[in-house]
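*Asks:*
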Amino acid sequence: MKNFEQEWRNKMLNSQVSPSELVWENIAQELAQNNQKVRAINKRQWIALAVLVFLPLILGDGRFVWLFVGETYQRFAYKKNETTRTNDISLLTNTTQNIGKTIKKINKNNFLTQNPPSEAIFFAKASYELGEKEEHTNLLKKDTPLLAQHKLGKPKMRRWRLGQNFTALQNFSTFEYTPTLQEPALSGRVMLADNSTAQKDKNIQKELDSYRHLFSWRAGIDFQYQFHPNFYISSGLYYQQNIASLKSFSTQPAPLISGYSENPPIASENNYTNLLNSNIEANQAKPLSQEKTYFQRGSYLQIPLKIGFQKEKNKWRYGVALGTEASFLLSNNFAQEGSSVKVDAKQNLQNVQWLALSELSLGYRVGAKTWLNINPQFRKNFVPSLQNSAFTQKNLFSIGIGAGLQYNF
Amino acid sequence: MCIDEKTLIEACQKQSPKAQRQLYERFAPKMLAVALRYTNGRLEAEDVLQEGFIKIFKHINNFRGESSLEHWIKTIIIHTALKQNRSKLYLFPALDVEDLPESYHESTELLSALHYEDLLKMIQELAPRYRVVFNLYAIEGYQHQEIANMLDISEGTSKSQYARAKQILRERIEQESIKKMVLLDNNKTIR
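Those protein sequences? They're chains A and B, same order as listed. Per this note's numbering, the first sequence runs over residues 1 to 409. Per this note's numbering, the second sequence runs over residues 410 to 600.
1. With distances taken Cα to Cα, identify the nearest neighbour of residue 295(A) among 305(A), 247(A), 325(A) and 160(A).
2. For the candidate residues 563(B), 529(B), 544(B) and 419(B), whose alpha-carbon lies nearest to that of residue 490(B)?
3. Expressed to the nearest angstrom, what Euclidean distance is found between the alpha-carbon atoms of residue 411(A) and residue 127(A)?
4. Would residue 539(B) and residue 573(B) be called neighbours here (beta carbons separated by less than 7 angstroms)?
5. Any heavy atom of the ligand MN closer than 6 angstroms to the beta-carbon of residue 484(B)?
6. Considering residue 461(B), what are the terminal residues of the alpha helix (DSSP H) in which it resides?
7. Kindly indicate the opening and closing residues of the beta strand (DSSP E) around residue 447(B).
8. Just reading off the alpha helix (DSSP H) that residue 493(B) is part of, what are its end residues?
9. If you reduce the DSSP assignment to three classes, tell me which class residue 387(A) lands in.
10. Going along the chain, which residues of the segment 457 to 468 of chain B sit with their C-beta nearer than 8 angstroms to a C-beta in chain A?
11. Helix, strand or coil for residue 16(A) per DSSP?
12. So which residues on chain A does residue 412(B) lean against when the C-beta distance must stay under 9 angstroms?
13. If the criterion is Cβ atoms closer than 7 angstroms, does the pair residue 15(A) and residue 525(B) meet it?
14. Excluding the 5 residues preceding and the 5 following residue 165(A) in the sequence, name in chain order all residues of the same chain whose CB lies nearer than 6 angstroms to its CB.
15. Only counting the same chain, and skipping five residues up and downstream in sequence, which positions put a Cβ closer than 6 angstroms to that of residue 428(B)?
16. Any Cβ of chain A within less than 7 angstroms of the Cβ of residue 500(B)?
17. Is it the case that the Cβ atoms of residue 426(B) and residue 18(A) are separated by a distance below 7 angstroms?
18. Note down, in chain order, all residues in the segment 411 to 431 of chain B with a beta-carbon under 9 angstroms from any beta-carbon belonging to chain A.
19. For residue 556(B), which residues from the same chain have a beta carbon less than 7 angstroms from its beta carbon, with the 5 sequence-adjacent residues on both sides left out?
20. In this structure, how does DSSP classify residue 10(A) when only helix, strand and coil are distinguished?
21. Using a beta-carbon distance below 7 angstroms, is residue 592(B) in contact with chain A?
22. Give the residues from the segment 291 to 311 of chain A that approach chain B closer than 9 angstroms (Cβ to any Cβ), ordered along the chain.
23. Is it true that the segment 468 to 483 of chain B meets the segment 517 to 537 of chain B, where meeting means three or more beta-carbon pairs spaced less than 8 angstroms apart?
24. Roughly how many angstroms separate the alpha carbons of residue 7(A) and residue 440(B), rounded to a whole number?
25. Whose C-beta lies closer than 6 angstroms to the C-beta of residue 308(A) among residues of the same chain, with five residues either side of it excluded?
26. Could one say the Cβ of residue 557(B) lies closer than 7 angstroms to chain A's Cβ atoms, at least one of them?
27. I'd like the list of long-range same chain contacts for residue 533(B), defined as Cβ closer than 8 angstroms, with 5 residues on each side in sequence excluded.
28. For the beta strand (DSSP E) that contains residue 222(A), what are its first and last residues?
29. Measuring straight from C-alpha to C-alpha, what distance separates residue 549(B) and residue 473(B)?
30. So which of 240(A), 173(A), 303(A) and 46(A) has the shortest CA-CA distance to residue 331(A)?
31. Alpha carbon to alpha carbon, what distance is there between residue 5(A) and residue 374(A)?
32. For the putative contact between residue 478(B) and residue 583(B), defined by C-beta atoms under 8 angstroms, what is the C-beta separation to the nearest angstrom?
33. Buried or exposed, going by whether 16 or more other CB atoms sit within 10 Å of the CB of residue 304(A)?
34. To the nearest angstrom, how far is it from the Cα of residue 535(B) to the Cα of residue 494(B)?
35. Report buried or exposed for residue 108(A), applying the criterion of at least 16 other Cβ atoms within 10 angstroms of its Cβ.
36. So is residue 229(A) in contact with chain B if we call contact Cβ pairs under 7 angstroms?
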């Protein structure tokens, strides 16, 4: 039987046929055009790189934020590394009529005193591809390295991708207490009979130390447009919910508390007056003998915008992306033994949080359509995560495990 | 002037038009013969050759010399030909290899008497699905499992397609041999 195949091989393998001259002329013409295209692509790559470098700088300076949300920008304006402290108790014990004026004056001179926090998130995600198949699996085994070399297995030049995913997150953060004129309206401080500065500081730090992240999850969709074999832009829409707990001596959660990201309750600039007034009334009461646990449930809408570089080789896919993200606080609820406080979502929607993000990605194809990805993400907020805060969230570290589907068009 | 392969590759990587031309001239005749086996005729084969060599020149920077240059080029030409015929290849019917007759006597002797042009014509006249599997298995020497992976079909389908192609070719070889013998007899009678 084998002689049959062998005879065919002998007859066919060493045969030669001269092509017409036209073939080479067409090849030479195509190569000349391609060289021009390559130069044009290089130019576009340089422009994209320049945008990547300058975009975060422009955003970081706050100008971009100011253009789109001027009012919000002013509310968030802060003086970096500048902290003030007052021992003037009279400021805190003014009558209700005077408090408004006093606070307004303080706000004008001392907006926020903390540095914007940094966050690091480490995602591990499995994704399953649907839709148009990318042609990198149909390779001959013995020729796989060879075919990979000339990139026949690469995805096509331009394409859309739609992804949806769910991620479970565990957050870890640390807080550093830095006293300022406007101290945080942490609930424990409210109920203390001893209103001395030293006792307040001690109690605030204790509450901060008791703040625990319990669980977070995030779900959403993202759109990606690949405009070059290695470059893409992407955006998306994500909903995130964080659940945390806080121990306090207070009998009730601090009223109208607002905050960003994963932070303990804090009075907003707008409701500080009301809060202070209620604190004064509360000071008349006796502190509880036992600590109680409060639960915080915050939800956010996140819209990222990224530009990324991605490369594939054999079964590996790796890349880097840079961009920005707008985070809208939708709700921020605190509950303790049946009582709860819901923050007005409309008020908080104005408080959009902006951050710059950079992301690394490493993927491995474990099946014809299944990828396992690891994505470390580094985020830097443009503005402090809390308004009028007397403490700093030093950093936030999250670990996430997720699953997703990806549709290729 | 004939330069060695390594120098030629390096010059092509620097996109030297002269070197590109030289590399093309060195391998194009062999590669056209390959492309002819995977296509219906010369026009289509020259299209494959053109597209294949453009890919080769675009990606020659990725050639690391882990195999011979000729093998690398041939792989690209084959893949280009397959890509061009992909729509036709997806129409594979699932035939059962056991149903096909295996009673043909060896036609190897008849085969050796035929010329390259006759055999090429026979291959080109095969349906694309038979032609591709026959080329990959009988001539290039790939295993059915590899062909199945390459064409996104089952191993059984690859085997059945090959068996059917082989059956058709044997019939054609016999017919062609008979024709030749008749022609030979006629010539003798005329003399």
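Glycine is no exception: its CB is placed at the ideal position from the N, C-alpha and C atoms. Small disclaimer: the values here were computed from a predicted structure and weren't measured.
*Replies:* For this structure:
1. 247(A)
2. 544(B)
3. Outside the shown range of chain A, which is 1 to 409, sits residue 411(A), and nothing can be said about it.
4. yes
5. As far as ligands go, the structure on display features none, and thus does not contain the ligand MN.
6. 451 to 467
7. Note, residue 447(B): premise wrong, no beta strand (DSSP E); alpha helix (DSSP H) at 426 to 447.
8. 478 to 493
9. Caution is warranted here: a pLDDT of 47 is assigned to residue 387(A), below 50, making its placement in the model unreliable, and the coordinate value is therefore given only provisionally. Three-state result, residue 387(A): coil.
10. 458, 459, 462, 463, 464, 465, 466, 467 and 468
11. coil
12. The contacting residues do not exist; residue 412(B) stays about 18 angstroms from chain A at best.
13. yes
14. 402 and 404
15. 417, 420 and 421
16. Since pLDDT at residue 500(B) reaches only 43, below the 50 mark, its modelled position is unreliable, and no value is offered.
17. no
18. 424, 426, 429 and 430
19. 542, 545, 546 and 567
20. helix
21. no
22. none
23. no
24. 20 angstroms
25. 232, 319 and 321
26. no
27. 445, 446, 448, 449, 450 and 540
28. 212 to 228
29. 22 angstroms
30. 240(A)
31. 48 angstroms
32. About 39 angstroms separates the two Cβ atoms, so there is no contact after all.
33. buried
34. 13 angstroms
35. Confidence is the limiting factor: at residue 108(A) the pLDDT is only 36, short of 50, which leaves the residue's position unreliable and the question unanswerable from this model.
36. no
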